[in-house]
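Residue numbers (this note's numbering), protein chains in the order written: chain C, 1 to 251; chain V, 1001 to 1251; chain R, 2001 to 2251; chain W, 3001 to 3251; chain D, 4001 to 4251; chain L, 5001 to 5251. Note that the Cβ used here is the ideal one computed from N, Cα and C, for glycine as well. Computed from a predicted model, the values in this text were never measured in an experiment.
There are 6 protein chains.
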Amino acid sequence: MADTSPAMLVVSAHAGDFVWRAGGAIAAAALRGERAVVVCLSYGERGESASQWLQGKSLEEIKAIRRGEAEAAASALGAEVEFLDLGDYPLIESPEAVATLVDVFRRVQPTVVLTHPLSDPYNGDHPAAGRMALQARVLAQAIGVANADGSYPSPDEIIGAPPVFFFEPHQSEQSDFKPTVLLDITAAFERKRAAMECLPAQKHMWSYYTDLAIRRGVQVKRNAGPNLGLPHETMGEAYVRYYPQVTDVLA
Amino acid sequence: MADTSPAMLVVSAHAGDFVWRAGGAIAAAALRGERAVVVCLSYGERGESASQWLQGKSLEEIKAIRRGEAEAAASALGAEVEFLDLGDYPLIESPEAVATLVDVFRRVQPTVVLTHPLSDPYNGDHPAAGRMALQARVLAQAIGVANADGSYPSPDEIIGAPPVFFFEPHQSEQSDFKPTVLLDITAAFERKRAAMECLPAQKHMWSYYTDLAIRRGVQVKRNAGPNLGLPHETMGEAYVRYYPQVTDVLA
Amino acid sequence: MADTSPAMLVVSAHAGDFVWRAGGAIAAAALRGERAVVVCLSYGERGESASQWLQGKSLEEIKAIRRGEAEAAASALGAEVEFLDLGDYPLIESPEAVATLVDVFRRVQPTVVLTHPLSDPYNGDHPAAGRMALQARVLAQAIGVANADGSYPSPDEIIGAPPVFFFEPHQSEQSDFKPTVLLDITAAFERKRAAMECLPAQKHMWSYYTDLAIRRGVQVKRNAGPNLGLPHETMGEAYVRYYPQVTDVLA
Amino acid sequence: MADTSPAMLVVSAHAGDFVWRAGGAIAAAALRGERAVVVCLSYGERGESASQWLQGKSLEEIKAIRRGEAEAAASALGAEVEFLDLGDYPLIESPEAVATLVDVFRRVQPTVVLTHPLSDPYNGDHPAAGRMALQARVLAQAIGVANADGSYPSPDEIIGAPPVFFFEPHQSEQSDFKPTVLLDITAAFERKRAAMECLPAQKHMWSYYTDLAIRRGVQVKRNAGPNLGLPHETMGEAYVRYYPQVTDVLA
Amino acid sequence: MADTSPAMLVVSAHAGDFVWRAGGAIAAAALRGERAVVVCLSYGERGESASQWLQGKSLEEIKAIRRGEAEAAASALGAEVEFLDLGDYPLIESPEAVATLVDVFRRVQPTVVLTHPLSDPYNGDHPAAGRMALQARVLAQAIGVANADGSYPSPDEIIGAPPVFFFEPHQSEQSDFKPTVLLDITAAFERKRAAMECLPAQKHMWSYYTDLAIRRGVQVKRNAGPNLGLPHETMGEAYVRYYPQVTDVLA
Amino acid sequence: MADTSPAMLVVSAHAGDFVWRAGGAIAAAALRGERAVVVCLSYGERGESASQWLQGKSLEEIKAIRRGEAEAAASALGAEVEFLDLGDYPLIESPEAVATLVDVFRRVQPTVVLTHPLSDPYNGDHPAAGRMALQARVLAQAIGVANADGSYPSPDEIIGAPPVFFFEPHQSEQSDFKPTVLLDITAAFERKRAAMECLPAQKHMWSYYTDLAIRRGVQVKRNAGPNLGLPHETMGEAYVRYYPQVTDVLA
């Protein structure tokens, strides 16, 4: 691995997912001066744009609207954003899509990866995105794997084995999402709120996800060890770590 | 909480368990200059002392032998050790035993707790110890809970909510032990080996647990993120974190 | 949603599945005067027609036989039946097959959906059918999803969020099928038996599934609350509810 | 069974649990004119009364305070309440405590039972209460089981097999609580809020559990079938059904 | 271990359990000329003798009736039977009861152990029996563990590590019972039927468990490898193996 | 089924997998004079040949090297080997690949099948191979399923229902691999070691998998029943049985 400066790669099924589910982690990375790159596999143009369809907008118009919103939200968080335009509802898994993601992983050289968990009975695109992100992460580690266009070798280095965190689905318990990491996003929350407000069509979600941040913040405090001294208004996000944590201190 | 300097509390069912299963973590804490306290609930006098029974030793003689070995091993690791002498095979759970542990928790003020996991089809004492440690940790947080002798209030502060790590059982898969934390114990392994050698009756275990440390070390390297730069001869121990990790950085 | 009169949609991998596994529920709906529509994804022509292949029949002959049997059985139950002829052994999942199902969901406007559970180590077609039914149910809710032929918009309304019930696989425990709903089919059993007798090639199954109905009936009585007053000869079918039940009374 | 008019029995570990976790279900039953009986196994005097201990109150004073609050809250909900005073932190399981509960079950003749789920890593009293409630429910069905005082036979009838619902723990995912029933408590919420306000020492919980009711209400709507027509401000409570549902209609 | 001739030890919570659940395995062992010993922890006098209580019989009369039936059934199977008379509903776990079982294990020197599985939401005595059997089996292996009366050493050898099989509960799926071993009891079924007929009070169970044997027999055939050549009327029993199978041939 | 002489079929994702994971079982079968056939779905040319890529070898050169090594290793074990050359990293599941495997199953007529388990977070090719092997095994049992080239009928008989064993993944716990069968490979280990030494590029694995065989051998002894009399240096391999064991003796 050539470059080991911190870089967060966020693989998001639709254009808005990264804001609601991981906006705090992304903003916190940016506030630390670290690079954060969001890859939206689709715009959520069919499955998460009901109001625009009801207004009679065309597919291309809707994609453009969703893209603009996602760019604004990423900017508010301090992140870069890319769009693979793979289509949604359904987001179809394919070797080609995975190969494209392999190129992204090698280019970005992530030191941490965020994506959707592998179960969601309400939205099949989310686990499809998670499965493709995991597969790409493994393939990008192998020097024998070619580029998406078939050429060889890659212009980029292979990657190491960055940790993977699943962010929170809309109905956590029904998606068998049992948080193993509670992230304190108190300092980053202002940016997350600003990013949420870049998504006006889902205005009812602003308070929903603010309330969720408060609830996860209560759990941050409840599960903290004895010496953290957390403020009263702690805000949180919940994650599931996919691979074991490697550390040299138990804490 | 009055005192938040690091302190590790290890709750061990029998006199030898803490050495094989958590010796690396204990020695690493000691090497960092931190306090480590081991509480042995029993001496393992009936269930893990077959050779001494075959030699015709008495119960009290066997307890004394096991106690001496455990003291030597704790010393080699750099830890304090206490013995509650609750009896083994079976180690019987009781409100009184838990109350005694509550006093220990309040006295030690642990910032991290290590104990046995909650399933072990080969040895019922191990999950019994784990259950009592967990219960004591919760009770020790409540200001209304009295001391073991019924007096009130406690001479010590109540404790916070220290993280709990389960150490590795003898047959991991059969005990549903899926490691969530891989601890690098390379620097501490020399002390762990010295502590193992304080237990001469189980000499065949020395190589078994050295091999295990190598295998867990391979996994430490395999699961490490891109920028750890681990040495070839990495040694490891495996743990399961019981409560969610609280952090402000995903890594 | 335009139409909310009760309508049951049953998605069946092969031509016979709906009879053995859900015949009681279907007949009960019909007896209540409700609409019930069965969609057979295949005829079971390769995987469940051994006797006909041994007789030297052709593929088309076998399909016709199975179709005729299924039509007779559906009629005996009081249900409509459709055939998608997607092929079996294996039943191949595809975006096209799912899109066809989306059209069916929108046309039928089901208020309840029955299909195969997601695990069956003895028959991969069954979980494939279940997965496609679930995916179609989600897609059919989204106004932006086009018709199977690519046209837009749909001539039918989008659907709501009908509850989904998995019916019983042949080897329940091996398929991790833990019933969460026990359906009393006593009044409907006569129709179910008549439907089973429309499938002469599997005559040995008639008594097998009659015995199963008795066994599930015993469990209906065993799990009933205090005030049901069930008859001695209660017959039952077992189901697993996939999404949480929504109710305003706990009972 | 002599009496099959509806009666709800709620088995609560501490004096406040039934309010936060099941207040909506209780109030809804009362609003339907049904009987609801709450049994508090303890007052929560040691584990959930920190502020009173800090004020220097005595054990008996604290018990009296908690009892008064619980009586007021039960009254606000429209329920009866009883106290077994078994002690808390820890609530100790015993055959005697279970036998006392058996008498309660036979006296109340519940048609539905609510209690704590069987896992809660943050509070061992909760699963202990759940286990005792379940055991008592089974024993109360057997005509050969004597009364708690050893006399025989019981002055009351044996009970049937009422359904059991687990109410929501404080940290649902960590307690492996995956809701299988979402209860619409919109009409009952005003009473639940009034009951919460009878517990002034936990004022910070009022908004926490109001927010939770909103979140569960969102899920009520999200999981409702097509024909429910729920209002915008739907409030909810989540439950897990322990035994299979018995029904004659899938819906 | 002194004696390694085959010996089956069956630990049964109540006087009838071993007949319904393991009668085929017991009879098959006896037909092979092997020793089979059944230990009934209670007579099922309170929980499984409703008809006798309704007839006004006394506790001692009921125990005597159940004992006589169990002796007749054991005799029909070709097994020895012992009774520990520990009481039922509830069967209370205690160190003393386990110690008594340790003596039994050492005296019988089982090469295979059969008992109840660890989950049964309908009857808490069953898992209690299973837990005590498992604990006794581990303790009986330790040379340091004393006899039930406190004397030392044991007049019998310690035992090895006999495999443990859980037999089938009344509602398999609700008890999370997923069979891992299907036992062909065709040759032994006649004896099992005769043993069932020694239990006249549960006459309705005769056909229920005959039907179950047929159903498990169908699964025996369905899961058999290619070269077993099983008869049409194969009868079966289902088991769960608790510890891994040790073998030198995969088959 | 025409031929029921023992035949082991091993479905391996890459050219080396069968050696590390199942070499003992294969050699043991060969030592008993039984047929063993290994099918390598790919050569592992992209994902498990890093050193050759670093040396600048071409894809075809690498395939030839891996093929030669696998042939030598199979020969050392006493097994036949075939290569389907389906490509790796990713190994893509397809109906065509499964159909090719169906032909292999019918030609080989396996009495036992070994393959990869269904979960491996570190290598997606492994579960893909396992899924295809399972699907082919089911399809090969159906007389109506055509040959891979579309012709009908098959020149070979359909197969029965051979048992399936999953062999051990590289990180057992992370792959949810809980051994249910411990195979004694002491007599076969010399051949397994010889086969490992046919794979020079992975020399560091020789000692790793020798250590693993020792560890599994310790568990063989630990879990053995009382009368096996195993030697001190027992070597083992771990497996998970996928379908229930069918037997007429519990042992």
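Pairwise C-beta distances place the segment 1213-1221 of chain V out of contact with the segment 2007-2022 of chain R, as fewer than three of them are shorter than 8 Å. Here Leu4183(D) is near Gly4236(D), since their CB atoms are less than 8 Å apart. The beta carbon of Ser2051(R) lies closer than 7 Å to those of Ala2201 in the same chain, with the five residues before and after it left out. One alpha carbon belongs to Val2038(R), the other to Val2011(R), and they sit about 6 Å apart. Nearest C-alpha to Ala1195(V) among Ala1025(V), Thr1180(V), Pro1006(V), Leu1250(V): Ala1025(V). Contact between Ala5136(L) and Phe5105(L) holds: their C-beta atoms lie close to 5 Å from each other, under 8 Å.
The C-beta separation of Arg3046(W) from Val1145(V) comes to about 5 Å, placing the pair in contact by the 8 Å criterion.
By a beta-carbon distance limit of 8 Å, Ala1013(V) contacts Ser1042(V). Their separation comes to about 6 Å. Straight-line measurement puts the Cα of Ile159(C) at about 6 Å from the Cα of Gln109(C). In the structure shown, Asp184(C) adopts extended strand secondary structure according to DSSP, grouped into three states. Looking from the CA of Val3181(W), the closest CA among Asp2248(R), Ile2092(R), Ser2094(R), Ile2143(R) belongs to Asp2248(R).
With fewer than 16 other Cβ atoms from the protein chains shown falling within 10 Å of its own Cβ, Pro4231(D) counts as exposed. The Cβ of Ile3158(W) sits no closer than 8 Å to any Cβ of chain V. Contact between Ala1015(V) and Glu1069(V) holds: CB atoms are separated by about 7 Å, below the 8 Å threshold. Between Gly4130(D) and Phe4177(D), the gap from beta carbon to beta carbon reaches 8 Å or more. Under the DSSP assignment, Ser5051(L) falls in the alpha helix (DSSP H) whose first and last residues are 5050-5054. Distance from the Cα of Asp2103(R) is smallest, within the candidate group Leu2114(R), Ser2154(R), Pro2169(R), His2170(R), for Ser2154(R).
Contact annotation for Tyr4122(D) against chain L: no contact, minimum CB-CB distance about 23 Å [criterion: below 8 Å]. With a threshold of 8 Å between beta carbons, Phe2177(R) makes no contact with chain W.
In the DSSP annotation of this structure, Phe5167(L) is not part of any alpha helix (DSSP H), being labelled neither H nor E. Its chain contains Ala4013, His4116, Asp4120, Pro4169 as the residues whose beta carbon lies nearer than 7 Å to that of His4126(D), once the 5 sequence neighbours on both sides are disregarded; these appear in chain order. Following the DSSP letters along the chain, one finds Phe3105(W) inside the alpha helix (DSSP H) bounded by residues 3095-3108. Membership of Phe5083(L) in the beta strand (DSSP E) is indicated by the continuous run 5080-5083.
When 7 Å is used as the limit between beta carbons, Ser172(C) is near these residues of chain W: Glu3173, in chain order. Around the CB of Ser1049(V), 16 or more other CB atoms lie within 10 Å, so the residue is classed as buried. Using a Cβ-Cβ cut-off of 8 Å, Gly4068(D) does not count as an interface residue toward chain V, since no Cβ of chain V sits closer than that to its own.
For Met4196(D), the enclosing alpha helix (DSSP H) covers residues 4189-4196. Taking Ala142(C) as the centre and dropping the five residues before and after it, the same chain places the C-beta of Ile158 closer than 8 Å to its C-beta, in chain order. A distance below 7 Å between beta-carbons, with the five flanking residues on each side excluded, links Met2132(R) to the following residues of its chain, in chain order: Glu2093, Ala2097, Val2098, Leu2101.
DSSP places Thr3210(W) in the uninterrupted alpha helix (DSSP H) bounded by 3203-3223. With distances taken between CA atoms, Ser2005(R) lies nearest to Gly3225(W) out of Gly3225(W), Asp3156(W), Pro3090(W). Our two residues, Pro4163(D) and Arg4035(D), have alpha carbons roughly 16 Å apart in a direct line. If you ignore the 5 residues before and after Ala140(C), its C-beta comes within less than 6 Å of the C-beta of Val102, Phe105, Arg106, Ile159, all in its own chain and listed in chain order. Considering only beta carbons, the part of the segment 129-141 of chain C lying closer than 7 Å to chain L consists of Gln135, Val138, Leu139, in chain order. Listed along the chain, the chain V residues whose CB falls inside 8 Å of the CB of Glu3045(W) are Gly1144. Sequence-distant partners of Ala4029(D) (beyond 5 residues in either direction) whose C-beta falls short of 6 Å from its own C-beta, in its chain, are Met4008, Ala4036.
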